[in-house]
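Residue numbers (UniProt numbering), protein chains in the order written: chain B, 1 to 453; chain Y, 1 to 453.
Right, dumping it as structure tokens:
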């Protein structure tokens, strides 16, 4: 760790905690004001660090924070992307400390957004501050920090489309992924896409007494369960017709290469208290959550869910369902195939509605680019080991969108860990990881400038 | 309608509305005080009507209101049973007027409990008042009005067991069922029993990000759906081993007799806005909801159920499941068979817990008894038509319990309609039905006394 980080780390962390105290949940309209406050905080910190032209770019939804520092048009330009919005924090009762009152315990910062993505965004701002103060900024830099990543980045797409000139850059750098372990650095080179839908099954037009009507009318909850169950076969293959049509199948060489990444099935099961893993027949755990498409119910509800018993047949039942997609599948294609199939599963005794939420495209980033090589050298410099390229199961839909709209590849320099519990109660981010990110980013700028000469 | 009812009907209705304003929801602890207030209201009205020994009999849960009027030990004694607790009123947003602010519209009283069972209980209290004021009480009468019917009547069972002497009677009369239509009187002669369980499926020990873990771990919601789906086969038979072992199969003569009850499938579908009915192959709608056992999910929940999208794999998923039982099945047997089967459906990747809520036994009441004949004559007197004996799909578990503990048969003199939306939003009770009950009950007392001589 260099002197600047050593001398300023308490302040860096303190500032991050301030940001984490703002409950910028984009999915829930009641946090609208907090979302804006988080944007303003980011903007202020960019200004303080020395960025020019800092502004909140208004959209139909939450603002996008922009800022830049152009030092020499001849140098490469890095566009740093991140998001200041966070996932909803419920179920609140499972948090050991309140999600928006960050605490540091065992060298980890606990709060919603600690890792995803406020902690990782803030590394970029502090790395930029350090480069500015030490007069070591080696590339031009542009910041674009949005507030709707957790709800689909719809307005970012419009913004990018309308600001192609302003956003021109040589590479986009994103810290919203992770490394294998603190002593096993890695860089994400592939991301899954996503289709996210909400389904509604309607049986009788009103809630009914299950004694008087039970057995004689379609119970929408039972039917919804049957329809969801029918989406997988006994091998856990997804049954939607055409679902796998465009799936990229990896060669046995590629799979053998993947299998070399350090992984212990026993530790994986133990960490999650699993009796067994569960997934598509014919694939390993690491393949199931990275190179294979999936279908998961993210939420389900219907009928009486309070305390005690109520003998009701609900009129309606609901589920939120997401599918993770792999290269060559598209969210539009899959959402359409899902909708057609799900509707076909409904018996005539119920009505079904499928509402698409948002989608994103899968992506594979090049590992032979100058930018990837610069990132790899930066990790090797600070971790003392060459990072392993890995495919992640997560989705960052904007990576494919950036490529399509701007023609720019991204480098996914994330510093989180799988165990950080992002999207879960007790999300956290290691102080080690936060500071390591601040240390690594300037090397990326340095090597990118050198290698681009 | 006689003069007494004519002169007092506005007051009768006004008093019922007062009772309906008390949100005595037994399933939810936050209404504990209201439940007690409803008991006190009932006790006060019994006292005002002329009952002796009125008291709130304390139990481990909600009190049982007792009162009696013994006029002559030589006369038959009627034990009138009912309940002052009500079902939860949610979903509140589907009510056209607030569930605990009763309104009268189109000659119907709209409120939670209007029919089930406050409106029907209150008919007995006002019929008793009328008989007392007019010096026409023809039998001894005991009242036992409980506050836990909607949550399984556990404490009533204990109370009855401990008060066999006090509760001795010749017949128990219960108004918690219905008639076919206002111009087609009927008396319920059979009730289904019930097993009610709550199930919990646990996958990973914490909520997970569906991108990083999706496809590799068991999603408890998907698994719960698969397990629930597996409880019925393609003919909508229940797949629990041994589930039908003891089911009483009706003869074709009995089924032909049942089929004579007036019923229009088209009207049934229209009333509930159903594309089609849905149920066990080989049985009619009226058979499915009365003489056949069923399995319905009454509530399901898990994962993110707020607005927008959250890409989470929940740690746990839950469902409330009830089974309606027919004669010769017992709730203990079925709960055990369900539990064993449900646990066997779980793959090793999840943990399952089945928690029994409450049960009740199915019952068939005799139609050749003096009490049934007296009730039949009373209905004929006030409706101008002999009532049809019908099997109901609902459950009043205490009927079997009364028979077992006290050796007393019940007569199910209910005046509700299937369309009253009990257990649903916009529950209501016809003013016609309320007053018709008050008119009919004294004839039952009269004929019972005459026929018992």
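Glycine included, each C-beta is placed from N, C-alpha and C at the ideal position.
message: Please classify residue 368 of chain B as buried or exposed, where buried requires at least 16 other C-beta atoms within 10 Å of its C-beta.
response: exposed
field: Outcome for residue 418 of chain Y when other beta-carbon atoms lying within 10 angstroms are tallied against a minimum of 16
entry: buried
query: Whose Cβ in chain B lies nearer than 8 angstroms to the Cβ of residue 29 of chain Y?
result: 307
message: Counting beta carbon pairs with one atom in the segment 346-357 of chain Y and one in the segment 270-277 of chain B, are three or more of them shorter than 8 angstroms?
response: yes
message: Judging by CA-CA distance, which residue of B:118, B:449 and B:400 is the nearest neighbour of residue 145 of chain B?
response: B:118
- prompt: Shortest alpha-carbon distance to residue 184 of chain Y belongs to which of Y:433, Y:316 and Y:450?
  reply: Y:433
field: Close beta carbons around residue 444 of chain Y, own chain, < 6 angstroms, minus the five adjacent residues each side
entry: 374, 375 and 378
- request: At 4 residues or longer, and completely inside the segment 379-452 of chain B: list those alpha helix (DSSP H) runs for me, N to C.
  value: 398-406 and 431-452
- request: Leaving out five residues on either side along the sequence, give the residues of the same chain with a beta carbon under 7 angstroms from the beta carbon of residue 211 of chain B.
  value: 311
message: Run through chain B and tell me which residues come within less than 9 angstroms of residue 301 of chain Y, C-beta to C-beta.
response: 299, 300, 301, 302, 303 and 305
task: Please list, in chain order, all residues of the same chain as residue 91 of chain B whose beta carbon is under 8 angstroms from its beta carbon, the five residues on each side excluded.
output: 425
- request: Taking only beta carbons into account, state which residues of the segment 16-41 of chain Y come closer than 8 angstroms to chain B, listed in chain order.
  value: 26, 27, 28 and 29
task: Please classify residue 188 of chain Y: does DSSP put it in a helix, a strand, or coil?
output: strand
message: In this structure, how does DSSP classify residue 47 of chain Y when only helix, strand and coil are distinguished?
response: helix
task: Measure the beta-carbon distance from residue 370 of chain Y to residue 452 of chain Y and round it to whole angstroms, keeping in mind my assumption that it falls under 8 angstroms.
output: 6 angstroms
query: For residue 115 of chain B, which residues in chain Y fall below 7 angstroms Cβ to Cβ?
result: Here the premise fails: no neighbours, minimum Cβ distance about 10 angstroms.
- request: Quick one: grab the DSSP three-state call for residue 174 of chain B.
  value: strand
- prompt: To the nearest whole angstrom, what separates the beta carbons of residue 454 of chain Y and residue 217 of chain Y, a pair I think is in contact under 8 angstroms?
  reply: As shown, chain Y starts at 1 and ends at 453. That puts residue 454 of chain Y outside it, with no answer to give.
field: Unbroken alpha helix (DSSP H) run spanning residue 72 of chain Y, endpoints
entry: Taken as a continuous stretch (DSSP letters only), residue 72 of chain Y belongs to no alpha helix (DSSP H), as it is neither H nor E.
- request: Pull up the CB-CB distance for residue 135 of chain Y and residue 75 of chain Y, whole angstroms please, since I reckon it's below 8 angstroms.
  value: Residue 135 of chain Y to residue 75 of chain Y, Cβ: 14 angstroms. No contact.
message: Given a cut-off of 8 angstroms on the beta-carbon distance, is the pair residue 9 of chain B and residue 125 of chain B in contact?
response: no
message: At a CB distance below 7 angstroms, what residues from the segment 183-197 of chain B approach chain Y? Give them in sequence order.
response: 192 and 196
task: Compare the Cα-Cα distances from residue 383 of chain Y to each of Y:415, Y:362 and Y:410 and report the closest residue.
output: Y:415
query: How many angstroms separate the CA atom of residue 459 of chain B from the CA atom of residue 157 of chain B?
result: An answer regarding residue 459 of chain B cannot be provided, because it is not within the stretch 1 to 453 covered by chain B.
message: According to DSSP, is residue 118 of chain B part of a helix, a strand, or is it coil?
response: helix
- prompt: Of all the CB atoms in chain B, is at least one closer than 8 angstroms to the CB of residue 215 of chain Y?
  reply: yes
query: Can you give the Cα-Cα distance for residue 108 of chain Y and residue 79 of chain Y, rounded to whole angstroms?
result: 28 angstroms
- prompt: Between residue 121 of chain Y and residue 66 of chain Y, is the Cβ-Cβ spacing less than 8 angstroms?
  reply: no
message: Let me see if you follow: with CB-CB separation under 8 angstroms, is residue 252 of chain Y close to chain B or not?
response: no
message: I'd like the span of the alpha helix (DSSP H) that includes residue 213 of chain Y, first residue to last.
response: 210-213
query: In its own chain, which residues sit with a C-beta less than 7 angstroms from the C-beta of residue 291 of chain Y, not counting the 5 before and 5 after it?
result: 250, 326 and 391
message: Using only the alpha-carbon positions, how far apart do residue 59 of chain B and residue 153 of chain B sit?
response: 11 angstroms
field: Short CB-CB distance (under 8 angstroms) between residue 425 of chain B and chain Y
entry: yes
query: Within 10 angstroms of its Cβ, does residue 96 of chain B collect 16 or more other Cβ (buried), or is it exposed?
result: exposed
message: Is the beta carbon of residue 19 of chain B closer than 8 angstroms to that of residue 38 of chain B?
response: yes
- prompt: Anyone know if the C-beta pair for residue 334 of chain Y and residue 205 of chain Y falls short of 8 angstroms?
  reply: no
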